[in-house]
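Enquirer: After the structure tokens below, expect a handful of questions from me.
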Amino acid sequence: MKKFFVIGNPIEHSLSPTVHQHWFKKNNVKATYEKKLLEEKDLKNIIKDIKNDHVAGINVTVPFKQRIIPLLDELSTVAQSTLSVNTIYKKNNKVIGDNTDVGGFQKSLMDNISKESIKSALLIGAGGVAPSIVYALKTSGVEQIFIANRTVEKIVNLQEKFGPLLTKIAWEDLSKQQLNVDIIINATSLGLNNDHMIDLNFSSIDKKTIFYDVIYNPSETRLLQKAKKHGCHTVNGMKMFLYQAQLAFEIWNHIKPVIDVDLTNILAKKLYD
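Pasting the structure below:
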């Protein structure tokens, strides 16, 4: 029986096992998928388990998406371009890192809006999934991305990678910035417990601006609530989560699983009951 894991720290919040176990059952795949709480010193061992065929594949979440890269033999083109890995597997005796966050984000956007309508963006956050979002926006034709993050160093790292596409906004200036952009994306964990609010100058925000929050639990963060009240179209991170999982499942099992009503009902019950 094949073994799969999602690794991170913290990891208890992950719904990945629920999703993949549902798809194993639906597609008659004999496999298990579990959460694994790791420290950085444990990463070598999990990669060794893949090399030795004790583990068939892993998903990687914060804080290891960048830190695990030196332990891998090869990166996919997208993983190399973002220097961010969320899916790992073995092929031709090599341990390969891939990135399905990019495809997950792009597909979730295409479900909601035509990519031609997005030419400028504000990205809040520069760690975790942010490099994948910048790459996804860039390859979708976005011409200007403003970026704000509490740690300036992370913005500098992204600017080195993506160049003049990115314009830094000081974190403390967010609340007074004139925000004339097509989409505003929260890629931070602010709002995860629904107790923090990102302070934006809503009086300068057009009602046609789309608000996208990578958080999906709660289904509507305070930022999305305020944006909806302002009259803006809002999108949470659930579809991105499902699409990146679908792409990972396909890489590992060569089957494209269906995101069906049964699965969305199971997740809704777990999250919102």
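Going by our numbering, the first residue of the sequence shown is number 12, and it counts up by one from there.
Virtual Cβ for every residue (Gly too), placed ideally from N, Cα, C.
1) Would you list the residues sitting across from residue 245 in a DSSP beta bridge?
2) What first and last residue would you give for the beta strand (DSSP E) that runs through residue 45?
3) Is it a yes or a no for the region 97 to 109 touching the region 51 to 67, going by three-plus beta-carbon pairs under 8 Å?
4) Per DSSP, residue 159 forms a beta bridge with which residues?
5) My guess is that residue 180 and residue 198 are in contact by the Cβ rule of under 8 Å, so how many angstroms apart are they, rounded?
6) Taking all protein chains shown into account, do 16 or more other C-beta atoms lie within 10 angstroms of the C-beta of residue 189, making it buried, or fewer, making it exposed?
7) CA-CA distance, residue 55 and residue 237?
8) Report the rounded CA-to-CA distance for residue 107 versus residue 22, giving the unit in angstroms.
9) Looking at C-beta atoms only, is the number of pairs between the region 242 to 250 and the region 220 to 228 that lie closer than 8 Å three or more?
10) Return the first residue and the last residue of the alpha helix (DSSP H) that residue 150 is part of.
11) Could you tell me the distance, in whole angstroms, from the CA atom of residue 301 to the CA atom of residue 234?
12) Taking all protein chains shown into account, decide if residue 265 is buried (16 or more other Cβ within 10 angstroms of its Cβ) or exposed.
13) How many whole angstroms separate the CB atoms of residue 299 and residue 152, which I take to be in contact at a CB cut-off of 8 Å?
14) Beta strand (DSSP E) containing residue 16: first to last residue?
15) At the level of alpha carbons, what is the spacing between residue 74 and residue 39?
16) Closest Cβ-Cβ distance between residue 22 and chain C: below 9 Å?
Expert: A quick look at the data gives this:
1) Mapped onto the sequence shown, residue 245 falls at position 234. In DSSP, residue 245 forms a bridge with 222.
2) Stepping through the sequence shown from its first residue, residue 45 is reached at position 34. That run of the beta strand (DSSP E) goes 42 to 48.
3) yes
4) The residue you call residue 159 lines up with position 148 of the sequence shown. Paired residue(s): 135.
5) Sequence index remark: in the sequence shown, residue 180 carries index 169 (1-based). Sequence index remark: in the sequence shown, residue 198 carries index 187 (1-based). Contact flag wrong, Cβ pair sits at about 14 Å.
6) The sequence position of residue 189 within the sequence shown is 178, counting from 1. Exposed: under 16 other Cβ atoms inside 10 Å.
7) Locating residue 55 in the sequence shown gives position 44, where the first residue counts as 1. Locating residue 237 in the sequence shown gives position 226, where the first residue counts as 1. When rounded, the distance between both Cα atoms is 43 Å.
8) As a first step, residue 107 must be located in the sequence shown, where it is residue number 96. As a first step, residue 22 must be located in the sequence shown, where it is residue number 11. Distance between the alpha carbons of residue 107 and residue 22 is about 22 Å.
9) yes
10) The residue labelled residue 150 in the question sits at position 139 within the sequence shown. 141 to 150 is the span of the alpha helix (DSSP H), which, as asked, contains residue 150.
11) Nothing in the structure corresponds to residue 301, since the chain is present only between 12 and 284.
12) Here residue 265 corresponds to residue number 254 of the sequence shown, with the count starting at 1. With fewer than 16 Cβ atoms within 10 Å of its Cβ, residue 265 is classed as exposed.
13) Look at the range of the chain in this structure, 12 to 284, and you will see that residue 299 is not part of it.
14) Taking the sequence shown and counting its residues from 1, one reaches residue 16 at position 5. Segment 13 to 19, the beta strand (DSSP E) holding residue 16.
15) Reading the sequence shown from its first residue, position 63 is the one you call residue 74. Reading the sequence shown from its first residue, position 28 is the one you call residue 39. So the two alpha carbons sit approximately 32 Å from each other.
16) This model lacks chain C altogether; it includes just one protein chain.
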